[in-house]
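Residue numbers (my numbering): -14 to 404. Here a beta-carbon is modelled for each residue, glycine too, at the ideal position from N, C-alpha and C. As the structure is a prediction and not an experimental result, all values here were calculated from the model.
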């Protein structure tokens, strides 16, 4: 029964962790945005390692002198967010308030505790009294989605404090004081910081509209290459070939839509072709909640192709290609949604199966526990390994052994490129 409840809940955590479309800044005084992380002892830069899971960046963060805790580093959020509800009992949050957080999705608003009684430390850099939202319920369950324990999300206050260079290929994050003498690498692209989030204007090409300029949120907290939602205050025109998709979760529910491709995306001097693109169902409330009109968002499956440098203080983004091979953007070819229950050993379950997909045709079912893949025990894989395996090659066959109740069953899954 527990597995069934988890399965139904995790159906809402489809392809990516979409930017949290929340507005909490009005709950704090505006001068708090002047707060920054600072190095001690005259240091001007530091490099730390990060873990990359499903294109997302996870860094170690110390909270009130304890840790390290795993935080997503996400340009799509403003205030720091703590998703691990155990913090409510661990932290002294007497100076706090409870608010209803309005979000983009479906369902009731979510309660969060807002506090300034937090000191955060990344490497040798520290910020005191950082505005923080602690959710009373872990509505995202990011730990199950990513396969590692996630305690929270850090965004604007880190990026606004430094010049931040992300080396996706080496899993290295370097952050510099804004006064540091830096030789920027790559193409410079102007950005605009609004409500703590970065935006850019660029050009795309679609079969319906041809070449058009679009405004995009730069969202490295989304695994997608690209999301397009609206054009001329209407739903963005869909390509001829699409598949239905559950595109993620907002503050108060699932975000449905379609998955397809656009002909081209231009970023500075770089052009990407046949870009895999999510098309969320249009919701006019989104721009009201976010406080900024835009056409869509640029995700980490594009950004990871570059050495990326964010310069919030000077409203600039620098992109330097790290691989000259034309990239291929592939969607999952199985139709299976897999999540993890963490414990003494990680247990992998099928949470949702898309209708008409290879996973459904094979006979796999929701709540099946995966115990082996290609004759290897599943503990030899990470969730990220399995995610990549299931979108590897059209026609590839994968042997999956599952536990259904007390019965062991073996299925031969043949991957199929659906979009």
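Item, Value
"In chain order, each alpha helix (DSSP H) run of at least 4 residues that lies wholly inside the region 211 to 293", "270 to 275 and 285 to 288"
"With 16 other Cβ atoms within 10 Å as the buried cut-off, status of residue 346", "exposed"
"Close Cβ partners of residue 106 (< 6 Å) along its chain, the five nearest in sequence each way excluded", "47"
"Start-to-end residues for the beta strand (DSSP E) that takes in residue 183", "182 to 191"
"Reduced DSSP secondary structure (H/G/I, E/B, other) of residue 375", "coil"
"Every unbroken alpha helix (DSSP H) within the region 303 to 370, with a cutoff of 4 residues, ordered by chain", "343 to 347"
"Whole-number beta carbon distance between residue 73 and residue 98, since they are thought to touch under 8 Å", "7 Å"
"Bridge-paired residues (DSSP) for residue 169", "Per DSSP, none; premise fails for residue 169."
"Segment contact flag, the region 63 to 71 with the region 107 to 119, C-beta cutoff 8 Å, min 3 pairs", "yes"
"Proximal residues to residue 348 (C-beta, below 7 Å), its chain only, five neighbours per side dropped", "396"
"Reference residue 191, options 164, 258, 151 and 159, closest by Cα", "258"
"Bounding residues of the alpha helix (DSSP H) (the contiguous stretch that carries residue 73)", "72 to 75"
"Sufficient close CB pairs (3 or more, under 8 Å) joining the region 361 to 379 to the region 30 to 40", "yes"
"Burial state of residue 122, where buried means 16 or more other Cβ atoms lie within 10 Å", "exposed"
"Residue 315 versus residue 360 - alpha carbon distance", "25 Å"
"Residues near residue 1 by beta carbon distance below 6 Å, same chain, minus five either side", "Bear in mind that the predicted position of residue 1 carries a pLDDT of just 35, short of 50, making it unreliable; the figure below should be weighed with that in mind. Contacts found: 207, 208, 209 and 233."
"When 181, 146 and 164 are compared against residue 22, the one with the closest alpha-carbon", "146"
"Straight-line gap, residue 342 to residue 334 (C-alpha atoms, nearest Å)", "17 Å"
"Cβ neighbour criterion (16 or more within 10 Å) applied to residue 442", "No answer is possible for residue 442: the residues shown for the chain start at -14 and end at 404."
"With 16 other Cβ atoms within 10 Å as the buried cut-off, status of residue 330", "exposed"
"Where residue 15 falls, given that 16 or more other Cβ within 10 Å makes a residue buried", "Low confidence applies here, because residue 15 scores a pLDDT of 47, under 50, leaving its location unreliable and the question unanswered by this model."
"Of the residues 218, 58 and 292, the one placed nearest residue 266, counting alpha carbons only", "218"
"Limits of the unbroken alpha helix (DSSP H) element including residue 143", "141 to 144"
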